[in-house]
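J.: Note that the protein sequences, when read in sequence, are chains A and B. According to UniProt numbering, the residues represented by the first sequence are 1 to 337, in order. According to UniProt numbering, the residues represented by the second sequence are 1 to 337, in order. In this text, a Cβ means the ideal position worked out from N, Cα and C, and glycines have one as well. All values reported here derive from a predicted model rather than from experimental measurement. Take a look at the following structure, please.
There are 2 protein chains.
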Amino acid sequence: MPGARKVTITAIAREAGVSVPTVSRVVNGRADVAPETRARVEELLQRYGYRRRAAPGDRAALVDLVFNDIDSPWAVEIIRGVEEVTHASAVGTVVSAIHDRSGPARQWLNNLRARASDGVILVTSALEPVLHKELHRLGVPIVVVDPAGSTTLDAPTIGATNWAGGLAATEHLLHQGHRRIGFIAGPPRLLCSRARLDGYRAALEAAGVTGDDRLVAQGDFYHRSGFTGCNTLMELPEPPTAVFASSDQMALGAIEALRRRGLRVPQDVSVVGFDDLPEVKWSSPPLTTVRQPLAEMGKLAARTVLRLARGEDVDSPRVELATELVVRSSTAAPGEG
Amino acid sequence: MPGARKVTITAIAREAGVSVPTVSRVVNGRADVAPETRARVEELLQRYGYRRRAAPGDRAALVDLVFNDIDSPWAVEIIRGVEEVTHASAVGTVVSAIHDRSGPARQWLNNLRARASDGVILVTSALEPVLHKELHRLGVPIVVVDPAGSTTLDAPTIGATNWAGGLAATEHLLHQGHRRIGFIAGPPRLLCSRARLDGYRAALEAAGVTGDDRLVAQGDFYHRSGFTGCNTLMELPEPPTAVFASSDQMALGAIEALRRRGLRVPQDVSVVGFDDLPEVKWSSPPLTTVRQPLAEMGKLAARTVLRLARGEDVDSPRVELATELVVRSSTAAPGEG
Chain A
1 MPGARKVTIT AIAREAGVSV PTVSRVVNGR ADVAPETRAR VEELLQRYGY
51 RRRAAPGDRA ALVDLVFNDI DSPWAVEIIR GVEEVTHASA VGTVVSAIHD
101 RSGPARQWLN NLRARASDGV ILVTSALEPV LHKELHRLGV PIVVVDPAGS
151 TTLDAPTIGA TNWAGGLAAT EHLLHQGHRR IGFIAGPPRL LCSRARLDGY
201 RAALEAAGVT GDDRLVAQGD FYHRSGFTGC NTLMELPEPP TAVFASSDQM
251 ALGAIEALRR RGLRVPQDVS VVGFDDLPEV KWSSPPLTTV RQPLAEMGKL
301 AARTVLRLAR GEDVDSPRVE LATELVVRSS TAAPGEG
Chain B
1 MPGARKVTIT AIAREAGVSV PTVSRVVNGR ADVAPETRAR VEELLQRYGY
51 RRRAAPGDRA ALVDLVFNDI DSPWAVEIIR GVEEVTHASA VGTVVSAIHD
101 RSGPARQWLN NLRARASDGV ILVTSALEPV LHKELHRLGV PIVVVDPAGS
151 TTLDAPTIGA TNWAGGLAAT EHLLHQGHRR IGFIAGPPRL LCSRARLDGY
201 RAALEAAGVT GDDRLVAQGD FYHRSGFTGC NTLMELPEPP TAVFASSDQM
251 ALGAIEALRR RGLRVPQDVS VVGFDDLPEV KWSSPPLTTV RQPLAEMGKL
301 AARTVLRLAR GEDVDSPRVE LATELVVRSS TAAPGEG
């Protein structure tokens, strides 16, 4: 009766005269193994054709999708895009959250080691450098979805055109006749914050509008900072007639701040966001915003990781998908009310 | 050199003198196999110890979480709850969508067959009866998360207390002094729609308020129907002073309808929703709503499916977790403006 014969780590350990954990350490490329031991184990691994990863015909049929937090407003869009591609390829999508902390991240890495994975899609910018390294050692293909433009990982990366989005939103307000346009910025440590701000400034400059640093409020992409940032802007001696909040959550915070001040959107003040989260078409009023193609980014990440898993090459180390202005009801010409 | 010896379906097929698909059909419990063939194949499967599913000590370390559509506003909360429990148990969560169509559903079932799974959590009410049956035949533990109260599956089910939620929301409006309270209902075919409506009617009756059928508008839980339903209510000869929309999406539609009519929430009309989706704390005004504990439902589903995977019993075939009224800024006493 024929059957698949596979050498096990236990068998290698027995033949090498070492413990099973020692063989595991060698397999996983860990440093804490004596050089002679490592050489002996590696020779046996090679002689018996031990493969940590499944061979092409015998793949795990699983891809890992890893977030910092699943409650991120981005998460569901990216999951949807990834799943659509993997599902059609008969590959399962394992979704995990590592919560930016080393405990869950290490747990996740252990879970990953305990079973096979054809590849990992990281939607996170804060994975510890040590974990980066271990992932590379495991030899599993990695693709990064990085809407924030903040990764330092040496892996194919999929982002979005943040600068062009900042430009388009500001041009839209300029075309409507606004000249005093407030901006609520994201966290300065993220490249995407800077790119959106630069796009805003480039549009003003191209239109011959003099910049005013007081019109730029500092935020952190979250709702609360849009609320307070908008209040700061509206308390200026000469407040803006439009506010470009560089995330949708901050835009919703700005709309609430304006409502509480008795100001109507868009009759009194126009508001533009950035992201196009699924729910902002249901805000009151429906939000004009810059669409990040999150589901498409997920799809491209899935296609890329499946190509890498098949041993194929990837065209470009970093791809930026186009953002797009979506005009709804939160913007109008100044003084239209 | 010792190695793990595993019998394959191909080998069984060769020895039995039948095709590989025939052996697969026997393994998967399908009916379309001649009785003698089935007996011969089953004898060989048993003789060589073929196991379709992994044995207890050798589990897949994977749980499947299956949605109709991942873009459902519920999805991310449930994923978050499930992942928190599975992650801590070193089990991966494979997220899939079957899109309510038989093609992808069958694809999903094939994907599931191609690898092991310790259990399936279904967040869907529309899985084809044929697929139900096949899942049962596969012998994989199933748990249903069923916020809509619509399942007919013979499996442990986790829901929420819809009737009590409908009661609590209506009592809140009554306590604020409202007497003409509109209701926007969900799809009549879902039990949860009926339960929420019955809770609304029970609260009115307990307060001695005469019901008025014209105050009940038909919706379908989606945004658009909240918008049109609210317009219908406001055009009554004696319009309501408060609207209880029995889903958050419909409540956001109602708020937008009121804004377009120049009515302020809550000064002119109060609005209550149902679900407590993550984004409604950022609506303008922040929404008073009935919280469905979706993440907790996901956690309980994960714990239940892991118990079933270990061969343990489940206490109760159907558990309903408590809903809870969350008071924010979309409700006030009538005439307060």
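#1: Between A:Gly92 and chain B, is there a C-beta pair that is closer than 9 angstroms?
#2: For B:Ala160, name the three-state secondary structure that DSSP assigns.
#3: Do you know offhand how far B:Thr170's Cα is from B:Asp198's?
#4: Kindly indicate which three-state DSSP category A:Ile12 falls into: helix, strand or coil?
#5: If you measure between the beta carbons of A:Ala97 and B:Glu83, is that distance less than 9 angstroms?
#6: Name the residue from A:Gly159, A:Gly219, A:Ala160 whose alpha carbon lies nearest to the alpha carbon of A:Gly186.
#7: Cα separation between B:Arg264 and B:Pro237?
#8: Using a Cβ-based criterion (distance less than 8 angstroms to any ligand heavy atom), does B:Arg115 qualify as near the ligand PLP?
#9: Taking the alpha carbon of B:Ala61 as the point to measure from, which residue in B:Leu135, B:Leu44, B:Gly208, B:Ser89 has its own alpha carbon closest?
#10: Quick one, which residues of the stretch 75-99 of chain B are near chain A if we go by CB-CB under 7 angstroms, in chain order?
#11: Can you give me the start and stop residues for the alpha helix (DSSP H) that A:Leu300 sits inside?
#12: Taking the DSSP output, what are the residues bridged to A:Leu45?
#13: Determine the DSSP secondary structure at A:Gln267, reduced to helix, strand or coil.
#14: Quick check on B:Trp163 - is its C-beta less than 9 angstroms from some C-beta in chain A?
#15: Got a sec: is the Cβ-Cβ distance from B:Lys299 to anything in chain A below 9 angstroms?
#16: Any chance the stretch 324-332 of chain A sits against the stretch 268-279 of chain A, with 3 or more Cβ pairs inside 8 angstroms?
#17: Starting from A:Val76, follow the alpha helix (DSSP H) in both directions and report where the run begins and ends.
#18: Can you list, in chain order, the stretches of the alpha helix (DSSP H) that have 4 or more residues and sit fully within the stretch 154-239 of chain A?
#19: Can you pull the chain B neighbours of A:Glu42, defined as C-beta to C-beta under 7 angstroms?
#20: Using a Cβ-Cβ cut-off of 7 angstroms (strictly less than) and excluding sequence neighbours within five positions of B:Glu320, which residues of its own chain qualify?
#21: Under a CB-based cut-off of 9 angstroms, is B:Gln176 close to chain A?
#22: At a CB-CB cut-off below 7 angstroms, which residues of chain A make contact with B:Gln114?
#23: Is the stretch 253-263 of chain B touching the stretch 198-214 of chain B, taking contact as three or more C-beta pairs under 8 angstroms?
#24: Quick check: what's the CA-CA separation for A:Glu42 versus A:Ser24?
#25: For the stretch 221-253 of chain A, enumerate the residues whose C-beta is nearer than 8 angstroms to any C-beta of chain B, in chain order.
#26: Quick one: does A:Asp71 have its CB under 9 angstroms from some CB of chain B?
#27: Ordered along the chain, which non-local residues of its own chain (more than five positions away) have a Cβ less than 8 angstroms from that of B:Gly211?
#28: Name, in chain order, the residues that DSSP records as bridge partners for B:Gly17.
#29: Per DSSP, which residues does A:Gly92 bridge with? Please list them.
#30: B:Leu294 and B:Ile142: beta carbons closer than 9 angstroms?
#31: By the 9 angstroms beta-carbon criterion, what residues does the stretch 265-285 of chain A contribute toward chain B?
#32: Kindly indicate if chain B contains any beta-carbon less than 9 angstroms away from that of A:Gln292.
#33: By how many angstroms is the C-alpha of B:Asp32 removed from the C-alpha of residue 351 of chain B?
#34: Is there a Cβ from chain B that is less than 9 angstroms from the Cβ of A:Asp118?
T.: Well, looking at it:
#1: yes
#2: strand
#3: 11 angstroms
#4: helix
#5: yes
#6: A:Gly219
#7: 19 angstroms
#8: Absence of the ligand PLP from the depicted structure is noted, as is the absence of any ligand whatsoever, leaving it without description.
#9: B:Ser89
#10: Ala75, Val76, Ile79, Arg80, Glu83, His87, Ala90, Gly92, Thr93, Val94, Val95, Ser96, Ala97
#11: 294-309
#12: A:Leu45 is not bridged to any residue.
#13: coil
#14: no
#15: no
#16: yes
#17: 75-88
#18: 162-175, 191-206, 223-234
#19: The contacting residues do not exist; A:Glu42 stays about 16 angstroms from chain B at best.
#20: Gly159, Ala160, Thr161
#21: no
#22: Note that residue 114 of chain B is Ala in the sequence shown, not Gln. Those are Ala61, Ala90, listed as they occur along chain A.
#23: No, the stretch 253-263 of chain B does not touch the stretch 198-214 of chain B.
#24: Rounded to whole angstroms, the gap between the alpha carbons of A:Glu42 and A:Ser24 is 11 angstroms.
#25: Of all residues in the stretch 221-253 of chain A, those with a C-beta nearer than 8 angstroms to a C-beta of chain B are His223, Gln249, Leu252, Gly253, reading in chain order.
#26: Closer than 9 angstroms to the CB of A:Asp71 there is at least one CB belonging to chain B.
#27: Arg201, Leu204, Glu205
#28: Partner(s): none; B:Gly17 has no beta bridge.
#29: A:Leu62
#30: no
#31: Val265, Leu277, Pro278, Glu279, Val280, Lys281, Trp282, Ser283, Ser284, Pro285
#32: no
#33: Residue 351 of chain B is absent from the model: chain B starts at 1 and stops at 337.
#34: no
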